[in-house]
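Visitor: The numbering of the sequence shown is this note's numbering, which starts it at 0 and goes up by one. This is the structure I have questions about; it appears just below.
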Amino acid sequence: MSDRVVQTLLQAAEANRRDPLRNANMLCFPGAGQLYIAGDLHNHHRNYEKFLRAADLERHPQRHILLQELIHGGPLGPNGEDQSLDMILHAAQLKAKCPDRVHFLLANHDMAQVQRLAIMKDGYDLTERFTRHVELKYGKTAGNVLTAFREFCYSMPLAAITVTGVFFAHSLPTARDLPKFDATLLRRPLTEADYDRNGPVYQLIWGRFQTQDALNALSKLWWADLFVCGHQPQDAGHGTIGDRMLIIDSSHNHGVYLPLDLSVQYTLADLVAQVRPLAGVM
């Protein structure tokens, strides 16, 4: 059974690397079609299923989806283990089925898991619970599964952009990190040091509390007008920072998604108006 899981993850990793929209470490979407974006899902099965129903890729051949942070959450197993690998595997299979239209963004929980960094919630370490599930389910071959999962995570792009200037990443650097942030990480080969705690990948996907000045600076660096991110929890499903940043959250009962027309030039107000509740998807 673990051989099939390993194969699924490695095939998805290869599809990520070979994505025709990929340029170095980011995706460049075309100026036609649609893009449906999910915020953090954290193994929320109902919202994940509703998001896929809303996107309806089979009936819309020009539609893309962008997924992030599927792991760490949902119902626990009988031994308190985190079972979110199952959602990862489903999404990986979907990538194999629609390699040119299913896309991922690397998120901080992904990296915490592969780097064995503790993420505490309600007194429990989420990364340990995830590892426990893999070890209980796959026994002696658990190491092979975890290695394949690592390969899958490292294959994910860091960001995406539309021709109309909407930029997507799991998060953005904090204002205090910006003076030393290496913005070239999106267009060059990455090294292990880039993923370290003081590296630019870490700063990108763990950043919080961005400021208007920081967003303006990043806008100039990356030729982006607007930013759409996850990472920062939103009780109402979405929120904004300044006049450039929209944050969406898909991980709870008020979770949302964002459908966009890739040919349209949006303002931040337009993006907010585009936000849709997952609860409304039948």
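Just so you know, even glycine gets a beta-carbon here, dropped at the ideal spot from N, CA and C. Just so it is clear, the structure is predicted and the values come from calculations on it, not from any experiment.
Whole alpha helix (DSSP H) runs in the stretch 80-133 with 4 or more residues, listed along the chain?
Guide: With a minimum length of 4 residues, the continuous alpha helix (DSSP H) runs that stay inside the stretch 80-133 are 84-96, 107-113.
Visitor: Looking at the secondary structure, which residues open and close the alpha helix (DSSP H) in which G142 lies?
Guide: Here residue 142 refers to the residue found at position 143 when the sequence shown is read from its first residue. Taken as a continuous stretch (DSSP letters only), the alpha helix (DSSP H) holding G142 covers 141-154.
Visitor: Taking Y153 as the reference, which of Q61, K139, T126, E13 has the closest Cα?
Guide: Walking along the sequence shown from the start, residue 153 turns up at place 154. Checking every option, the nearest Cα to that of Y153 belongs to E13.
Visitor: In terms of DSSP beta bridges, what is N252 paired with?
Guide: Within the sequence shown, numbered from 1, the residue matching residue 252 stands at position 253. N252 is not bridged to any residue.
Visitor: Residues in its own chain within less than 6 Å of R131 by CB, not counting five upstream and five downstream?
Guide: Taking the sequence shown and counting its residues from 1, one reaches residue 131 at position 132. Excluding residues within five positions, the ones whose Cβ falls inside 6 Å are E80.
Visitor: Candidates L225, Y256, D234: which alpha carbon is nearest D242's?
Guide: Along the sequence shown, one-based indexing puts residue 242 at 243. Comparing Cα positions, the closest option is L225.
Visitor: Along the beta strand (DSSP E) that carries D39, what are the first and last residues, could you check?
Guide: The residue labelled residue 39 in the question sits at position 40 within the sequence shown. Run containing D39: 33-39, per the beta strand (DSSP E) assignment.
Visitor: Considering only the beta carbon of each residue, do L267 and Q33 sit closer than 9 Å?
Guide: Taking the first residue of the sequence shown as position 1, residue 267 is located at position 268. Taking the first residue of the sequence shown as position 1, residue 33 is located at position 34. It is not a contact, given that the beta carbons lie outside the stated cut-off.
Visitor: How far does the beta strand (DSSP E) with I204 in it reach, from first residue to last?
Guide: For the purposes of this step, residue 204 is taken as the residue at position 205 of the sequence shown. Looking at the DSSP string, I204 is not in any beta strand (DSSP E); the run it does join, the alpha helix (DSSP H), is 199-205.
Visitor: May I ask which residues mark the beginning and end of the alpha helix (DSSP H) holding L270?
Guide: On the sequence shown, residue 270 is found 271 positions in, with the first residue counted as 1. Residues 267-273.
Visitor: Could you check where the alpha helix (DSSP H) with V4 kicks off and where it finishes?
Guide: The residue labelled residue 4 in the question sits at position 5 within the sequence shown. Start and end: 1-16.
Visitor: Output the distance between the C-alpha atoms of L125 and G142, rounded to the nearest integer angstrom.
Guide: Here the question's residue 125 lines up with position 126 in the sequence shown. Here the question's residue 142 lines up with position 143 in the sequence shown. Going from the Cα of L125 to the Cα of G142 covers about 18 Å.
Visitor: Can you check whether the CB of L8 is closer than 9 Å to the CB of L88?
Guide: Within the sequence shown, the letter at position 89 stands for residue 88. Within the sequence shown, the letter at position 9 stands for residue 8. Taking 9 Å as the Cβ cut-off, L88 and L8 qualify as a contacting pair.
Visitor: Between the alpha carbons of N24 and L116, how many angstroms are there, rounded?
Guide: Here residue 24 refers to the residue found at position 25 of the sequence shown. Here residue 116 refers to the residue found at position 117 of the sequence shown. Near 23 Å, if we compare the C-alpha coordinates of L116 and N24.
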